[in-house]
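Engineer: These protein sequence lines map, in sequence, to chains A and B. The first sequence begins at 1 in the working numbering and counts up by one. The second sequence begins at 1 in the working numbering and counts up by one. Sharing a structure here in structure tokens format.
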Amino acid sequence: MTSIAVPRPRGRTALARTLAFGRHHILTFYSFLFFAYLMLPIAIVIAFSFNHPTGNFNYVWQGFTWDNWRYWDGVPGIRSAIVLSLEIALLASLVATALGTMIALALVRYGFRGRGTTNILIFLPLSTPEIVLGASLLTLFLNLNVIFGFWTILIAHVMFCISFAVVTVKARLVGFDRHLEEAAMDLGANEWRTFQKVTLPLTAPAILAALLLCFAISIDDFVVTYFNSGSKVTFPLFVWGAARVGAPPQVNVIGTAIFIVAVTAMLFNVLYQRRREVRA
Amino acid sequence: MNFFHRHRGLTPYLLLAPGVAWLAVFFLVPLGFLAYQSLQSGNIDFGYAFTWSWGNYWHAIRDYRPQFVRSLEYAGIATVFALVISYPVAYWIAFRGGRWKNLLLLFIVAPFFVTYLIRTLAWETILSDNGFVVHTLQHLHVLGPGGRLLATSTAVVTGITYNFLPFMALPLYVSLEQIDGSLIEAAEDLYASKLQAFLRVTLPLSLPGVVAGTLLTFIPAAGDFINAQLLGSPENHMIGNVIQSKFLELTDYPAAASMSFILMAGILVAVAVYARIVGTEQLTGTAV
Chain A
1 MTSIAVPRPR
11 GRTALARTLA
21 FGRHHILTFY
31 SFLFFAYLML
41 PIAIVIAFSF
51 NHPTGNFNYV
61 WQGFTWDNWR
71 YWDGVPGIRS
81 AIVLSLEIAL
91 LASLVATALG
101 TMIALALVRY
111 GFRGRGTTNI
121 LIFLPLSTPE
131 IVLGASLLTL
141 FLNLNVIFGF
151 WTILIAHVMF
161 CISFAVVTVK
171 ARLVGFDRHL
181 EEAAMDLGAN
191 EWRTFQKVTL
201 PLTAPAILAA
211 LLLCFAISID
221 DFVVTYFNSG
231 SKVTFPLFVW
241 GAARVGAPPQ
251 VNVIGTAIFI
261 VAVTAMLFNV
271 LYQRRREVRA
Chain B
1 MNFFHRHRGL
11 TPYLLLAPGV
21 AWLAVFFLVP
31 LGFLAYQSLQ
41 SGNIDFGYAF
51 TWSWGNYWHA
61 IRDYRPQFVR
71 SLEYAGIATV
81 FALVISYPVA
91 YWIAFRGGRW
101 KNLLLLFIVA
111 PFFVTYLIRT
121 LAWETILSDN
131 GFVVHTLQHL
141 HVLGPGGRLL
151 ATSTAVVTGI
161 TYNFLPFMAL
171 PLYVSLEQID
181 GSLIEAAEDL
191 YASKLQAFLR
201 VTLPLSLPGV
211 VAGTLLTFIP
221 AAGDFINAQL
231 LGSPENHMIG
241 NVIQSKFLEL
251 TDYPAAASMS
261 FILMAGILVA
271 VAVYARIVGT
281 EQLTGTAV
């Protein structure tokens, strides 16, 4: 801030300083406890991916083994479930991000009739419980005699991803300098070329963020998929089915693998942004 | 420039069309079908017919009142817990995170890249009868010798609180991060104590985040059935469990559809009451 620094008119007593110091550290200490709490279940998931369970239930530590990682697809059905989840997540995030980016552009750039209504339409799916989203889509498909399977899952995933894509892209577009586009047009670029050469490169980070977010939401979705999958099994559905008879440790292996990939991707993103900030 | 100006009026609609159409056909229209289904009567073998059967709603409330109440109760308690647990951390990251802010945020989000169901199964392990949490609590005589956590409401609320935590923590962080530090300094310059400055400046300014976080946590939590299924017993089942089994196991579509609408209505009422308490301005402020 550019406000003028006014010297503080009061001296801080030693007691106040000690208290402030103490409070500062209580908060830090608490935050570390909080992070430990957040990580506890994840640590369990990772640890039990190396467990060597004797019975059906992978709840009690029995012994260390690499076997679950070596034979990660050693459980019938797990491989096809992962493949289906990846396919759906990839397609759904691409479609939803494309549609969402277009909506975000329209909302931020243009004043038009129906803007408020559109905002509400975007906001509604975010504020509807997943079970209602899944159930209503199920009744639509049932009443139209649609066969449940790959396409119904994809339709559902695109539907609940669009709003997230809009919100993500919109947030970055708001702080976007329109003069850059006007400059391009003044220099003789037409609208499409301006979009290609100026708008798209500048919004690329937002679009990438939306893609990743949609991918993560899609690959993790259980409820809506459960209602609209028919006999198809995605990875979360596989876990659900397996949980009833005792989830095999391979489930933990896949969970850990997804976790590591996602965290690595995000870590790179954070470090990349940090470097850009330092350079700027 | 000519091209641009001539088509200006049409461009936004062209940009909107595909996405809005998708949401209309696969979100709004299905809600209509759900409403239509909720007023039907009959059974799966002879087919359902639309008969303005409002009785579905009455029967749902009469037969499943405990599950409805439990859903709002569990979701409400979990939301309060999430708020209390994550506010100090959001504050810490926003005001003391410095150059580590993004990394710390990553730590908050990271656990949620482990599939929801696997996370919940991990809680099943943590809270299980021979886990260290139960042993410790038995040792401290908080739990009786045969006392357990799994299959209790405590386990379900624990699971819900954990599973929706980032929905609370991130909006809190965003609103705290936007607070202009000089406002707090000004309050202190005007002889407010740290506590007064927090209560009079920081807390009110972070209210949009509190409201957004509360809604983003409460709404999905009220419709959840995974935690109750995996961590609770049938006595802890929420309305989501009933809707799920009516739809997918008992194929009693009209009953399940009417329950979905009652759930939505219950959430709306809860949100409206909440809005009265915190003020509508805050609520609409976060909506856009």
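No residue lacks a Cβ here, since even glycine has one placed at the ideal position from N, Cα and C.
#1: Would you say Leu99(A) and Ile44(A) are within 7 Å of each other, going by their C-beta atoms?
#2: Tell me the residue span of the beta strand (DSSP E) that contains Gly47(B).
#3: Between the alpha carbons of Leu15(A) and Thr154(B), how many angstroms are there, rounded?
#4: Give the C-beta separation of Arg176(B) and Tyr91(B) to the nearest angstrom, bearing in mind that I take them to be a contact with Cβ-Cβ under 8 Å.
#5: Give me whichever residues DSSP pairs with Gly42(B) in a beta bridge.
#6: From the beta carbon of Trp92(B), is the nearest beta carbon of chain A less than 7 Å away?
#7: At a CB-CB cut-off below 9 Å, which residues of chain A make contact with Trp54(B)?
#8: Just to confirm, is the Cβ distance from Tyr253(B) to Gln67(B) under 7 Å?
#9: What does the Cβ neighbour count give for Thr54(A), buried or exposed, with the cut at 16 atoms within 10 Å?
#10: When the Cα atoms are used, what is the spatial distance from Arg99(B) to Asp129(B)?
#11: Sorted by chain position, which residues of the same chain lie with C-beta nearer than 8 Å to Leu137(A)'s C-beta, five sequence neighbours on each side aside?
#12: Please classify Asn68(A): does DSSP put it in a helix, a strand, or coil?
#13: Establish whether the CB of Gln178(B) and some CB of chain A are separated by less than 7 Å.
#14: If we cut at 7 Å on Cβ distances, does Thr139(A) have a partner in chain C?
#15: How many angstroms separate the CA atom of Ala222(B) from the CA atom of Ala210(A)?
#16: Would you mind listing the beta strand (DSSP E) stretches within the segment 193-276 of chain B that are 3+ residues and don't spill past its ends, in chain order?
#17: So which residues on chain B does Trp240(A) lean against when the C-beta distance must stay under 7 Å?
#18: In chain B, what lies closer than 8 Å to Tyr272(A) by C-beta?
#19: So, is Thr18(A) buried or exposed, given that buried needs 16 or more other C-beta atoms within 10 angstroms?
#20: Closer than 7 Å by beta-carbon distance: list the chain B residues that pair up with Asp220(A), in chain order.
#21: Is Met259(B) close to chain A, meaning its C-beta is less than 7 Å from at least one C-beta of that chain?
#22: Can we say the segment 107-120 of chain A touches the segment 12-22 of chain B, given the rule of at least three CB pairs closer than 8 Å?
#23: Can you check whether the CB of Phe261(B) is closer than 7 Å to the CB of Thr217(B)?
#24: Does the beta carbon of Tyr71(A) come closer than 7 Å to any beta carbon on chain B?
#25: Check whether the Cβ atoms of Phe113(B) and Ala206(A) sit closer than 7 Å, and answer yes or no.
#26: Just the C-alpha distance for Ala183(A) and Ala189(A), rounded to the nearest angstrom, thanks.
#27: According to DSSP, simplified to helix, strand and coil, what is Asn58(A)?
#28: Ordered along the chain, which non-local residues of its own chain (more than five positions away) have a Cβ less than 6 Å from that of Val84(B)?
#29: Ser128(B) touches chain A at which residues, Cβ-Cβ below 9 Å?
#30: Can you list the residues of chain B that Glu130(A) reaches, using a CB-CB cut of under 7 Å?
#31: Closest to Asn68(A) by CA distance: which of Ala265(A), Gln250(A) and Leu267(A) is it?
#32: Short check: CB of Asn241(B) to CB of Ala228(B), under 7 Å?
#33: Classify Val269(B): buried if its beta carbon has 16 or more other beta carbons within 10 angstroms, exposed otherwise.
#34: In chain order, what residues of the segment 134-166 of chain A put their CB closer than 9 Å to some CB of chain B?
#35: Among the candidates Arg70(A), Phe35(A) and Ser31(A), whose CA atom is the shortest distance from the CA of Ala257(A)?
#36: Under 7 Å between C-beta atoms, does Trp100(B) make it to chain A?
Structural biologist: Taking the geometry as given:
#1: no
#2: Gly47 to Phe50
#3: 41 Å
#4: A small correction: the amino acid at residue 176(B) is Leu; Arg does not occupy that position in the sequence shown. That pair is a contact at about 6 Å.
#5: Tyr48(B)
#6: yes
#7: By Cβ distance, chain A contributes nothing, its closest Cβ being about 18 Å from Trp54(B), past 9 Å.
#8: no
#9: exposed
#10: 42 Å
#11: Thr152, Ile155, Ala156, Met159, Val224, Phe227 and Asn228
#12: helix
#13: no
#14: Looking for chain C here will not work: the only protein chains present are A and B.
#15: 26 Å
#16: none
#17: Leu117
#18: Correct list: empty, because the minimum Cβ distance to chain B is about 10 Å.
#19: exposed
#20: Thr115 and Tyr116
#21: no
#22: yes
#23: no
#24: no
#25: no
#26: 9 Å
#27: coil
#28: none
#29: Tyr59 and Val60
#30: Pro220 and Gly223
#31: Gln250(A)
#32: yes
#33: exposed
#34: Gly134, Ala135, Ser136, Leu137, Leu138, Thr139, Leu140, Phe141, Leu142, Asn143, Leu144, Ile155, Ala156, Val158, Met159, Phe160, Ile162, Ser163, Ala165 and Val166
#35: Arg70(A)
#36: no
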